[in-house]
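Asks: Provided herewith is a single structure, encoded as structure tokens, for subsequent inquiry.
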Amino acid sequence: MFKKARQIFSVASYNFHQWRKNPRIIITFLLALILCFLLTDKAAGFAKEHGTSMQIVESFIWTFGDSNSILLSSLLLLLLFADMPFLSAGTPFYLMRINRRIWILGQALYIFLATGIYLLFTLVSTSLLCMTNSFSGNMWSKTAAILGYSGEGQAIALPALVKTLEMSKPFPCMATIFLLMLLYTLVMVFLMLFFNLWKGQIAGVISVFAFSVLGFLLNPENLQSLFHLPDELAYKARVWVGWLSPLNQATYHMHNFGYDRLPRLWQTYAIFGGLMLVLVALSLGAIRRYNFHFRGTEG
Amino acid sequence: MSAVIQLENLSKSFGEDMVLKHVSRDFEEGKIHGIVGNNGSGKTVMMKCVCGFLQPSQGRVFVNYKQVGKEVDFPENMGIIIETPGFLPNLSGLKNLELLASLQRRIHKEIIRQTIRRVGLDPDMKKPVGKYSLGMRQRLGIAQAIMEDPSLLVLDEPFNGLDKNGTGQMRTLIKDLREQGKTILLASHNQIDIDELCDTVCEMDAGVMTMIR
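In the order they appear, the protein sequences are chains A and B.
The numbers in the numbering used here rise by one with no breaks, and the one at position 207 of the first sequence is 207.
Count along the second sequence starting at 1, add 299, and that's the number in the numbering used here.
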């Protein structure tokens with residue numbers, strides 16, 4: 001058991017060794033920084049305009065409490081995993097010393113850790129970008145209060161909602177959003193891994209595209225017009241979307257805090273966790289029949 | 300002599316393209332078995348099937364009496380080189396081999412160092428593998444294949460990138476390994492390597508294997 005755990009860790013660390021001086025990895029993190037800069041600009045600009053300060057993680061909360069930002073960030077992460085299932089000319093030497101199961105579990109561990117590092121980078125970046133005008137206490141700022149209670153947040157498409165302000169505090173809210181993003185992104189990447197192994201790399205890309213498009217198109221407005229729902233039944237479309245769209249499952253305010261039928265947070269965790277387990281199990285099945293083609297070794 | 304590698308009606312297709320065509324052959328223990336053939340003849344595909352990297356479309360592969368892909372994912376106690384060996388470019392040769400050895404923890408650091416010396420490299424060299432010449436990388440590849448003292452070696456073009464002196468050293472090393480009772484499957488373009496080293500020789504041509512000697 002200990003030997004297997006060590007081997008799984010070794011396979012994951014082999015992938016991390018390839019990060020050093022790797023232009024693709026550097027570009028991914030640089031683009032993530034630029035994306036954070038662009039996305040936080042709205043909240044930071046609002047605070048500056050009103051001469052108010054922000055809580056240090058609020059920029060992350062208002063940025064990634066929105067489904068479109070989550071979608072953009074998760075798609076950018078795919079650059080990190082563009083070479084999935086991570087076959088290089090050195091892979092055969094590893095495979096001969098382990099087995100297929102250990103190898104795929106090592107890749108799963110790598111995906112989990114790399115995604116965590118990427119999201120942590122995003123969190124730190126958004127906080128650093130706004131740190132000159134922020135404080136660290138665990139309370140909502142005046143900026144948040146104006147955005148939420150005056151309705152100005154909705155007007156400029158920032159998800160600073162009254163229910164977020166009333167039901168949570170900045171640090172627990174940030175932790176929840178971080179976890180939701182992590183789970184959503186992991187489901188997406190494990191989906192890509194499974195299709196890569198089962199049907200090839202093109203199928204992997206198509207699967208991620210379909211997963212993202214599904215989340216993007218399944219929004220309350222589209223459902224309302226598709227089923228010709230009157231405005232008084234718009235909440236139904238919102239509830240359906242909250243349950244059906246993976247992207248909305250990853251959005252903090254699309255959850256039930258005690259007064260509607262949206263999924264509760266624990267239900268979302270269970271759905272994403274279950275999907276992840278199913279996808280890892282399917283990948284373990286697909287790897288048994290997988291043909292390895294290593295870069296630079298074809299003859 | 301017993302057959303440590305058995306190919307039973309082995310075929311491999313990629314889409315419509317049949318790369319290996321009903322190959323059946325036994326490779327006996329303690330000998331060097333040469334495989335010759337042009338590029339694209341199916342040598343590497345056959346070797347990848349033996350190693351378990353490719354699943355046969357038809358037929359079976361047995362290594363040490365265990366069916367590859369069914370009883371074992373990859374044959375146990377086997378060292379390999381599949382053409383150009385790949386290593387982590389930012390680490391030294393010794394560090395690369397230590398990482399590989401740490402997967403099974405069968406050997407000590409001193410054995411790794413001895414093996415590196417055996418292929419004509421300096422284990423104390425700090426230079427990262429990314430700055431190695433092709434010949435040095437090939438030597439390191441041979442070192443990783445033999446360091447855990449496997450009974451079976453699958454070497455696909457092991458002399459790629461080696462100069463005349465290096466090729467001579469590696470030929471001597473391979474002969475020594477045969478003297479120690481290892482079974483070696485050796486693919487090469489070079490007829491001299493095959494003539495000098497191999498006990499049996501097969502030719503691959505368009506996926507068909509023919510016994511030459």
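Even glycine gets a Cβ: it sits at the ideal position worked out from N, Cα and C.
(1) Going along chain A, which residues have a C-beta under 8 Å from N389/B?
(2) On the premise that I177/A lies in contact with G65/A, defined as a C-beta separation below 8 Å, what is that separation, rounded to the nearest angstrom?
(3) What does the alpha-carbon distance come out to for the pair M345/B and L319/B?
(4) Are L99/A and F216/A touching if we call contact CB-CB under 9 Å?
(5) Within 8 Å, do at least three Cβ pairs link the region 423 to 431 of chain B to the region 24 to 41 of chain A?
(6) Is any beta-carbon of chain B found at less than 9 Å from that of L95/A?
(7) Please determine, among V349/B, I381/B, G378/B, the residue with the shortest C-alpha to C-alpha distance to Q366/B.
(8) Return helix, strand or coil for H17/A, following the three-state DSSP convention.
(9) Less than 8 Å between the CB atoms is what I'm expecting for F352/B and T482/B, so what's the real figure, rounded?
(10) Taking Q403/B and E447/B to be in contact with their CB atoms under 8 Å, please state how far apart those CB atoms are, rounded to whole angstroms.
(11) Measure the C-alpha to C-alpha separation of F171/A and E409/B and round it to an integer number of angstroms.
(12) Compare the C-alpha of E307/B against each of I334/B, V335/B, Q357/B, D475/B and name the closest.
(13) What's the call for V189/A, buried or exposed, on a 16-neighbour Cβ count within 10 Å?
(14) Could you please tell me which residues of the region 431 to 446 of chain B, in chain order, have their CB closer than 9 Å to any CB of chain A?
(15) Does the distance from the CB of D492/B to the CB of G378/B come in under 9 Å?
(16) Where does A47/A sit, in a helix, a strand or coil, going by DSSP?
(17) In the DSSP assignment, find the beta strand (DSSP E) that holds I304/B and state where it starts and stops.
(18) For G341/B, which residues in the same chain have their Cβ closer than 6 Å to its Cβ, ignoring the five residues on either side in sequence?
(19) Find the residues of chain A that neighbour L353/B, judging by a C-beta separation of less than 9 Å, and give them in chain order.
(20) In whole angstroms, what separates the C-alpha of K169/A from that of A175/A?
(21) As a quick exercise: from E382/B, H321/B, I415/B, S323/B, pick the residue whose alpha carbon is nearest that of L472/B.
(22) Got a sec: which bits of the region 97 to 113 of chain A sit with their beta carbon under 8 Å from any beta carbon on chain B, in order along the chain?
(23) Could you tell me which residues DSSP puts in a beta bridge with L283/B?
(24) Quick check on M167/A: does DSSP put it in helix, strand or coil?
(25) Provide the residue span of the beta strand (DSSP E) that contains D504/B, from first to last.
(26) Give the straight-line distance between the Cα atoms of G151/A and L87/A, rounded to the nearest whole angstrom.
(27) Please list the partners that D372/B has in chain A, where partner means a Cβ-to-Cβ separation under 7 Å.
(28) Here's the rule: buried if 16 or more other CB atoms are within 10 angstroms of the residue's CB, otherwise exposed. What is Y14/A?
(29) Give the straight-line distance between the Cα atoms of T52/A and C130/A, rounded to the nearest whole angstrom.
(30) Counting contacts by CB-CB distance shorter than 9 Å, is K347/B in contact with chain A?
(31) Could you tell me whether any Cβ in chain B is nearer than 9 Å to the Cβ of P85/A?
(32) Tell me the start and end of each unbroken alpha helix (DSSP H) in the region 129 to 189 of chain A that is at least 4 residues and wholly inside, in chain order.
(33) Between which two residues does the alpha helix (DSSP H) containing G440/B stretch?
(34) Measure from the alpha carbon of I287/A to the alpha carbon of each residue in D231/A, L179/A, F195/A, then state which is nearest.
(35) Strictly by DSSP, which residues pair up with F361/B?
(36) Could one say the Cβ of L319/B lies closer than 9 Å to chain A's Cβ atoms, at least one of them?
Replies: Taking the structure as given:
(1) By 1-based counting over the second sequence, the position of residue 389/B is 90. Here the neighbours are H17, R20, K21.
(2) As a first step, residue 65/A must be located in the first sequence, where it is residue number 65. As a first step, residue 177/A must be located in the first sequence, where it is residue number 177. About 6 Å; that satisfies the 8 Å criterion.
(3) Residue mapping note: residue 345/B aligns to position 46 of the second sequence, counting from 1. Residue mapping note: residue 319/B aligns to position 20 of the second sequence, counting from 1. In a straight line, the C-alpha of M345/B is about 7 Å away from that of L319/B.
(4) Indexing the first sequence from 1 puts residue 99/A at position 99. Indexing the first sequence from 1 puts residue 216/A at position 216. Checking the displayed sequence, the identity of residue 99/A turns out to be Asn instead of Leu. No.
(5) Proximity of the region 24 to 41 of chain A to the region 423 to 431 of chain B falls short of the contact definition, fewer than three beta-carbon pairs being nearer than 8 Å.
(6) Stepping through the first sequence from its first residue, residue 95/A is reached at position 95. It does: the Cβ of L95/A has a partner Cβ on chain B nearer than 9 Å.
(7) Residue 366/B sits at position 67 when you count from the first residue of the second sequence. For the residues V349/B, I381/B, G378/B, the minimum Cα distance to Q366/B belongs to V349/B.
(8) The residue you call residue 17/A lines up with position 17 of the first sequence. Reduced to three states, the DSSP call for H17/A is helix.
(9) Locating residue 352/B in the second sequence gives position 53, counting from the first residue. Locating residue 482/B in the second sequence gives position 183, counting from the first residue. The Cβ separation is near 19 Å, so there is no contact.
(10) Your numbering for residue 403/B matches position 104 in the second sequence. Your numbering for residue 447/B matches position 148 in the second sequence. E447/B and Q403/B do touch by the CB rule: their CB atoms are close to 7 Å apart, below 8 Å.
(11) Looking up residue 171/A in the first sequence gives position 171. Looking up residue 409/B in the second sequence gives position 110. Computed Cα separation, rounded: 51 Å.
(12) Looking up residue 307/B in the second sequence gives position 8. Of the candidates I334/B, V335/B, Q357/B, D475/B, the residue whose Cα lies closest to the Cα of E307/B is Q357/B.
(13) Here the question's residue 189/A lines up with position 189 in the first sequence. V189/A comes out buried.
(14) Those would be G440, Q443, A444, in chain order.
(15) Against the second sequence, residue 492/B aligns to sequence position 193. Against the second sequence, residue 378/B aligns to sequence position 79. No. Outside cutoff.
(16) As a working note, residue 47/A is residue 47 in the first sequence. Three-state DSSP puts A47/A in a helix.
(17) Walking along the second sequence from the start, residue 304/B turns up at place 5. I304/B -> beta strand (DSSP E) spans 302 to 313.
(18) In the second sequence, counting from the first residue as 1, residue 341/B sits at position 42. Around G341/B: V318, L319, M503, G506.
(19) By 1-based counting over the second sequence, the position of residue 353/B is 54. Chain A residues near L353/B: N291, F292, H293.
(20) By 1-based counting over the first sequence, the position of residue 169/A is 169. By 1-based counting over the first sequence, the position of residue 175/A is 175. Between K169/A and A175/A, the C-alpha separation is close to 10 Å.
(21) Counting from one through the second sequence, the residue named residue 472/B turns up at place 173. Of the listed residues, the one whose Cα sits closest to L472/B is I415/B.
(22) Within the region 97 to 113 of chain A, the residues whose Cβ lies closer than 8 Å to some Cβ of chain B are R97, I98, N99, R100, R101, listed in chain order.
(23) The structure shown does not extend to residue 283/B, since chain B is modelled only from 300 through 512, so no value can be given for it.
(24) Counting from 1 along the first sequence, the entry for residue 167/A is found at position 167. Per DSSP, reduced to three states, the secondary structure at M167/A is helical.
(25) As a working mapping, residue 504/B is identified with position 205 in the second sequence. DSSP places D504/B inside the beta strand (DSSP E), whose first and last residues are 499 to 504.
(26) Translated into the one-based positions of the first sequence, residue 151/A becomes position 151. Translated into the one-based positions of the first sequence, residue 87/A becomes position 87. Rounded to the nearest whole angstrom, the CA to CA distance from G151/A to L87/A is 51 Å.
(27) Within the second sequence, residue 372/B is the residue found at index 73, counting from 1. Contacts between D372/B and chain A, judged by CB atoms closer than 7 Å, involve N99, R100 in chain order.
(28) Stepping through the first sequence from its first residue, residue 14/A is reached at position 14. In the assembly as shown, Y14/A is a buried residue. Its beta-carbon has 16 or more other beta-carbons within 10 Å.
(29) Locating residue 52/A in the first sequence gives position 52, counting from the first residue. Locating residue 130/A in the first sequence gives position 130, counting from the first residue. About 12 Å.
(30) Against the second sequence, residue 347/B aligns to sequence position 48. True, the Cβ-Cβ gap to chain A drops below 9 Å.
(31) Counting from 1 along the first sequence, the entry for residue 85/A is found at position 85. With 9 Å as the cut-off, P85/A does not count as an interface residue toward chain B.
(32) Segments of the alpha helix (DSSP H) lying fully in the region 129 to 189 of chain A: 142 to 149, 152 to 155, 162 to 167.
(33) Reading the second sequence from its first residue, position 141 is the one you call residue 440/B. Residues 433 to 445.
(34) Start at 1 with the first residue of the first sequence, and residue 287/A comes out as number 287. For I287/A, the closest alpha carbon among the candidates D231/A, L179/A, F195/A is that of F195/A.
(35) Against the second sequence, residue 361/B aligns to sequence position 62. Answer is Q305/B, Q366/B, bridged to F361/B.
(36) For the purposes of this step, residue 319/B is identified with residue 20 of the second sequence, where counting begins at 1. Among the residues facing chain A, L319/B is not included, as its CB has no counterpart in that chain under 9 Å away.
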